[in-house]
Amino acid sequence: MKVVVTGGAGFIGSHLIDRLLEEGHFVTNIDNFDGFYSESIKRRNIEGHMKYDNYKICEIDIRDKKGLDEAIPSNIDVIVHLAAKAGVRPSIEDPIAYQEVNVTGTQNMLEVAREKKIKQFVFASSSSVYGKNPNVPWKEDDVVLQPISPYASTKVSGELLGHVYSHLYDIRFIALRFFTVYGPRQRPDLAIHKFLKLMNKKSTISLFGDGTTKRDYTFIDDIVNGIMNSISYQGSLYEIINLGNNQTVKLLELVQKLEEISKFKANICWEAEQPGDVKQTWADVTKASKLINYNSNFSFDQGLQEFVKWFKEVTDE
Ligand SMILES: NC(=O)c1ccc[n+]([C@@H]2O[C@H](COP(=O)([O-])OP(=O)(O)OC[C@H]3O[C@@H](n4cnc5c(N)ncnc54)[C@H](O)[C@@H]3O)[C@@H](O)[C@H]2O)c1
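Rendered as structure tokens:
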């Protein structure tokens, strides 16, 4: 298969490309090494890819439609669109940039799909689209989408744009709603990685709220399996699918587990709840299991052990 991955130098994208290259697929990676976190981390993520003849990296911004037209060949089987400005809290600081990259950038990628007749499009959506929906665990057909951050609203927009293109142009569009993904190479701004880094440096960890907020954490290998199965999904033309672990972990419990596994000590400082943060996320994965044979194989304990092992091997912080 010939696959375009956007955001392939990032956390999830680089793992997906590991798998695609191992399986012998041709990969074009579109990534602009956005400054949200250190470029050197992203360069390290893709180091292993550079030796493959069936791999090409194009340093292009997805806002640059002309650049995309020139870089993306016409005989592509599938686009996996992961590039985005990620992160809930920073989106409140800079909502326009989030709109431009996550919405206009997504529309550019859909236009490329239309013009180059690429018939399969997998989109990285997010659990954050459910927002304040009280009906847990969250199901894809819940009508209550109440996003509470600019980031979340851009992901809702991406899903809606996908519907337009699947309806008008027969592009199969699969939106995967990822639930907090973790594992080796996890983004440094995300809770597990950020906490362990601070614990390692003996610095203080700020915990927002009272420690009872809950997250459904999903191990990266499970997410990659879900994406791979969506790439080959041949059912209906438009689907939205949760990829989660179907289990919730309280914030304080997470910190305690990190202490237990890493043997580092956490110095906690309690702070007020943050605007834009939801109280809990919890995925119903029945649909994922039925449509794309998805299983969350990694328990939270197993996944956390893998993460801590990786962190201790690579960290220089
Ligand atoms: N990690 C999670 O827990 C999680 C949860 C829900 C949804 N998602 C979504 O999954 C996708 C991947 O997330 P991640 O955690 O791997 O993030 P990441 O930041 O590690 O990867 C995103 C990549 O996109 C690239 N990028 C950003 N802006 C770009 C632009 N304008 N043009 C080209 N490339 C650009 C970045 O350089 C980066 O390499 C994102 O769409 C994110 O919103 C992630």
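In case it helps, our numbering puts the sequence shown at residues 1 to 317. No residue lacks a Cβ here, since even glycine has one placed at the ideal position from N, Cα and C.
Compute every distance between the C-beta of residue i and the non-hydrogen atoms of ligand 1, then say whether any falls below 7 Å.
| i | result |
| --- | --- |
| asparagine 229 | no |
| arginine 318 | Within the shown structure, residues of the chain are numbered from 1 to 317, placing residue 318 beyond reach of any answer. |
| valine 224 | no |
| valine 181 | yes |
| threonine 6 | yes |
| aspartate 18 | no |
| leucine 82 | yes |
| leucine 190 | yes |
| asparagine 32 | yes |
| valine 249 | no |
| lysine 85 | yes |
| valine 101 | yes |
| serine 38 | no |
| phenylalanine 300 | no |
| glycine 209 | no |
| serine 236 | no |
| alanine 124 | yes |
| glycine 13 | yes |
| isoleucine 61 | The amino acid at residue 61 is misidentified as isoleucine; the sequence shows aspartate. Yes, Cβ of aspartate 61 sits closer than 7 Å to a heavy atom of ligand 1. |
| phenylalanine 121 | no |
| arginine 187 | yes |
Applying the 10 Å Cβ sphere with the 16-neighbour rule, what's the burial state of residue i?
| i | result |
| --- | --- |
| proline 275 | exposed |
| isoleucine 268 | exposed |
| leucine 68 | buried |
| alanine 272 | exposed |
| glutamate 59 | exposed |
| tryptophan 270 | exposed |
| glutamate 159 | buried |
| threonine 248 | buried |
| glycine 105 | buried |
| glutamate 318 | Residue 318 lies beyond the range of the chain shown here (1 to 317); nothing can be said about it. |
| isoleucine 321 | Absent from the model: residue 321. The displayed extent of the chain is 1 to 317, so no value can be given. |
| serine 230 | buried |
| proline 150 | buried |
| glycine 235 | exposed |
| proline 137 | buried |
| asparagine 75 | exposed |
| lysine 290 | exposed |
| valine 144 | exposed |
| lysine 309 | exposed |
| asparagine 133 | buried |
| lysine 42 | buried |
Hey, how far is the Cα of residue i from the Cα of residue j?
| i | j | result |
| --- | --- | --- |
| valine 80 | aspartate 31 | 12 Å |
| threonine 28 | histidine 163 | 25 Å |
| glutamate 39 | phenylalanine 33 | 6 Å |
| glycine 303 | aspartate 94 | 32 Å |
| tryptophan 282 | aspartate 189 | 21 Å |
| aspartate 53 | leucine 21 | 10 Å |
| leucine 161 | glutamine 107 | 7 Å |
| alanine 9 | serine 126 | 19 Å |
| glutamine 256 | phenylalanine 264 | 10 Å |
| phenylalanine 300 | lysine 66 | 43 Å |
| serine 14 | asparagine 135 | 33 Å |
| proline 184 | arginine 172 | 31 Å |
| isoleucine 261 | asparagine 45 | 25 Å |
| arginine 187 | alanine 124 | 15 Å |
| glutamine 305 | lysine 312 | 11 Å |
| leucine 254 | aspartate 142 | 28 Å |
| serine 206 | asparagine 225 | 33 Å |
| glycine 48 | isoleucine 17 | 10 Å |
| leucine 82 | histidine 25 | 18 Å |
| asparagine 293 | threonine 180 | 20 Å |
| aspartate 170 | valine 112 | 14 Å |
Comparing C-alpha positions only, which one of the options sits nearest to residue i?
| i | options | result |
| --- | --- | --- |
| glutamate 23 | Met228, Lys202, Arg44 | Met228 |
| valine 314 | Leu196, Asp216, His167 | Leu196 |
| serine 166 | Ala152, Leu110, Ile192 | Leu110 |
| leucine 168 | Glu115, His193, Glu47 | Glu115 |
| alanine 175 | Asn242, Lys279, Pro137 | Asn242 |
| asparagine 200 | Ala152, Leu258, Ile231, Leu207 | Leu258 |
| alanine 86 | Thr286, Ser230, Ser153 | Ser153 |
| glycine 35 | Lys290, Ile57, Gly7, Lys132 | Gly7 |
| aspartate 354 | Ser236, Asn246, Tyr182 | Not covered by the structure: residue 354. The range shown for the chain is 1 to 317. |
| phenylalanine 219 | Asp77, Asn297, Ile240 | Asn297 |
| aspartate 77 | Ile118, Tyr151, Asp141, Asn102 | Ile118 |
| glycine 211 | Tyr37, Lys279, His49 | Lys279 |
| threonine 204 | Asn225, Ala266, Ile231, Lys155 | Ala266 |
| glycine 131 | Phe121, Val88, Tyr98 | Val88 |
| serine 128 | Val122, Tyr217, Gln146 | Gln146 |
| asparagine 102 | Tyr294, Ile62, Ile223 | Ile62 |
| valine 285 | Asn245, Ile96, Leu252 | Asn245 |
| lysine 192 | Lys155, Tyr217, Asn75, Pro90 | First, the amino acid is wrong: residue 192 is isoleucine here, not lysine. Out of Lys155, Tyr217, Asn75, Pro90, Tyr217 has the C-alpha closest to the C-alpha of isoleucine 192. |
| glutamate 100 | Ile72, Ala71, Lys155, Ile148 | Lys155 |
| arginine 215 | Ile96, Leu198, Asp277, Tyr55 | Asp277 |
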